[in-house]
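**Q**
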Amino acid sequence: MFSMNPPILVFSPSRRVRDNTTKHTLQNVLEVPEVTINIVSYSIVEQVSLASCEYAKGINEFTKAGFTAQPSQKVKPPFVAESPVSFECKVNQVLPLGEAGGAGNLVICEVLLMHIQDSVLDENEMIDPYKLDAVTRMGGAWYCRANGNNLFKLPQPATKLGIGFDQLPPEIRHSKLLTGSELAILAGVEKIPLAPEAKFTADESAHRAAQVYLAQAKWKKHGELYRFESKE
Numbered sequence: 030m031f032s033m034n035p036p037i038l039v040f041s042p043s044r045r046v047r048d049n050t051t052k053h054t055l056q057n058v059l060e061v062p063e064v065t066i067n068i069v070s071y072s073i074v075e076q077v078s079l080a081s082c083e084y085a086k087g088i089n090e091f092t093k094a095g096f097t098a099q100p101s102q103k104v105k106p107p108f109v110a111e112s113p114v115s116f117e118c119k120v121n122q123v124l125p126l127g128e129a130g131g132a133g134n135l136v137i138c139e140v141l142l143m144h145i146q147d148s149v150l151d152e153n154e155m156i157d158p159y160k161l162d163a164v165t166r167m168g169g170a171w172y173c174r175a176n177g178n179n180l181f182k183l184p185q186p187a188t189k190l191g192i193g194f195d196q197l198p199p200e201i202r203h204s205k206l207l208t209g210s211e212l213a214i215l216a217g218v219e220k221i222p223l224a225p226e227a228k229f230t231a232d233e234s235a236h237r238a239a240q241v242y243l244a245q246a247k248w249k250k251h252g253e254l255y256r257f258e259s260k261e
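Take this note's numbering: the last position of the sequence shown gets the number 261, and nothing is skipped along the way.
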């Protein structure tokens with residue numbers, strides 16, 4: 030999703046490297062400026078891969094891949110009935126990014142209608158990413174599955190200003206143990222929850238304890254995380 034209002038999705042069918050020809054996807058978009066975009070779940074990834082074969086123009090890839098072509102309500106192209114989430118879109122613009130082999134063609138699409146299967150919704154009727162079990166292509170033959178330990182939540186600092194790395198006590202900021210990610214968690218607080226007279230230490234045992242708290246997500250409940258006070 031590249032824009033919420035209006036809702037915009039983009040994709041980019043590239044020119045073939047070996048002979049600089051364009052793919053059927055781009056040709057179809059230029060002929061009929063409407064598309065459906067379908068989320069790929071792990072359960073259908075092999076079928077999607079099969080559909081990517083370079084069949085001759087006019088061959089029904091729905092049939093080849095064993096998919097059901099569900100008629101759309103707002104656009105001419107059908108969507109994949111087996112997909113957990115599908116978008117009916119009009120094409121606002123096709124932007125060629127080059128003329129040589131490998132050059133992309135940015136297709137900017139405006140969502141007109143969205144289809145969501147009940148099976149991927151949680152009790153609040155929101156999409157459950159674990160149920161969605163989405164797959165993304167990384168490059169070449171490599172793909173990534175968004176499920177299990179690959180999914181996590183990260184609080185966004187949209188409504189507060191973190192103190193930042195520069196305001197961390199130097200004993201912590203220059204730690205030889207704490208990683209950049211761990212320091213970022215500490216630097217994300219609005220203020221250091223300690224009295225001005227508190228002392229900090231670069232003692233590695235204290236920093237190891239901090240790593241344990243951070244790893245267990247206890248830092249919000251325990252002031253001990255910030256109590257790197259010198260025992261001297």
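In this text, a Cβ means the ideal position worked out from N, Cα and C, and glycines have one as well. Since the model is a prediction, treat every value here as computed from it, not as a measurement.
Between T54, I137, Q185, which has its C-alpha nearest L124's C-alpha?
**A** Working through the sequence shown from its first residue, we reach residue 124 at position 95. The residue with the shortest Cα to Cα distance from L124 is I137.
**Q** Decide if the stretch 196-203 is in contact with the stretch 111-127; the criterion is three or more beta carbon pairs, one per stretch, under 8 Å apart.
**A** They do not touch, by the three-pair rule.
**Q** Please state the DSSP three-state secondary structure of A244.
**A** Within the sequence shown, the letter at position 215 stands for residue 244. Correct three-state label for A244: helix.
**Q** Roughly how many angstroms lie between the CA atoms of C118 and R47, to the nearest whole one?
**A** Here the question's residue 118 lines up with position 89 in the sequence shown. Here the question's residue 47 lines up with position 18 in the sequence shown. Computed Cα separation, rounded: 31 Å.
**Q** Over what stretch of residues does the alpha helix (DSSP H) that includes K93 continue unbroken?
**A** Position 64 of the sequence shown, counted from the first residue, corresponds to residue 93. Looking at the DSSP string, the run of the alpha helix (DSSP H) that includes K93 is 90-94.
**Q** Return the chain-ordered list of same chain residues with a C-beta closer than 7 Å to the C-beta of L243, the five sequence neighbours on each side being excluded.
**A** Mapped onto the sequence shown, residue 243 falls at position 214. Cβ within range, chain order: E211, I214.
**Q** In chain order, what residues of the same chain have a beta carbon less than 7 Å from the beta carbon of K15, not counting five sequence neighbours either side?
**A** Outside the shown range of the chain (30 to 261) lies residue 15, about which nothing can therefore be said.
**Q** What separation, rounded to the nearest whole angstrom, lies between the Cα atoms of P100 and L141?
**A** Working through the sequence shown from its first residue, we reach residue 100 at position 71. Working through the sequence shown from its first residue, we reach residue 141 at position 112. When rounded, the distance between both Cα atoms is 14 Å.
**Q** Q245 to S204, Cα distance in whole Å?
**A** Numbered from its first residue, the sequence shown carries residue 245 at position 216. Numbered from its first residue, the sequence shown carries residue 204 at position 175. So the alpha carbons of these two residues sit roughly 20 Å apart.
**Q** Which one or two residues does DSSP pair with H144 in a beta bridge?
**A** Within the sequence shown, residue 144 is the residue found at index 115, counting from 1. DSSP output for H144 lists S115 as bridge partner(s).
**Q** Should the stretch 171-189 be regarded as contacting the stretch 141-152, the criterion being three or more beta carbon pairs within less than 8 Å?
**A** No: fewer than three Cβ pairs fall under 8 Å.
**Q** Would you tell me roughly how many angstroms separate the C-alpha atoms of H53 and P107, rounded to the nearest one?
**A** Position 24 of the sequence shown, counting from 1, holds the residue named residue 53. Position 78 of the sequence shown, counting from 1, holds the residue named residue 107. Roughly 16 Å separates the two Cα atoms.
**Q** Could I get the ranges of all uninterrupted alpha helix (DSSP H) runs contained in the stretch 178-231, with 4 residues as the minimum, in chain order?
**A** Correct list: 199-202, 209-216.
**Q** Starting from V120, follow its DSSP beta bridges and name the residues at the other end.
**A** Within the sequence shown, residue 120 is the residue found at index 91, counting from 1. Beta-bridge pairing links V120 to C138.
**Q** Determine the DSSP secondary structure at T65, reduced to helix, strand or coil.
**A** In the sequence shown, residue 65 corresponds to position 36, counting from 1. If DSSP states are grouped into helix, strand and coil, T65 belongs with the strands.
**Q** Rounded to whole angstroms, what's the CA-CA distance from G168 to G133? Just pull it up for me.
**A** As a working note, residue 168 is residue 139 in the sequence shown. As a working note, residue 133 is residue 104 in the sequence shown. G168 and G133: Cα-Cα distance of roughly 15 Å.
**Q** Classify I88 as buried or exposed, calling it buried when 16 or more other Cβ atoms lie within 10 Å of its own Cβ.
**A** Sequence index remark: in the sequence shown, residue 88 carries index 59 (1-based). Its Cβ having fewer than 16 others within 10 Å, I88 is exposed.
**Q** Using CA atoms only, rank isn't needed, just tell me which of E90, G217, L135, S43 is closest to T188.
**A** Position 159 of the sequence shown, counted from the start, is the residue given in the question as residue 188. The shortest C-alpha separation from T188 is found at G217.
**Q** Please determine, among G209, I37, I221, the residue with the shortest C-alpha to C-alpha distance to Q122.
**A** The sequence position of residue 122 within the sequence shown is 93, counting from 1. The shortest C-alpha separation from Q122 is found at I37.
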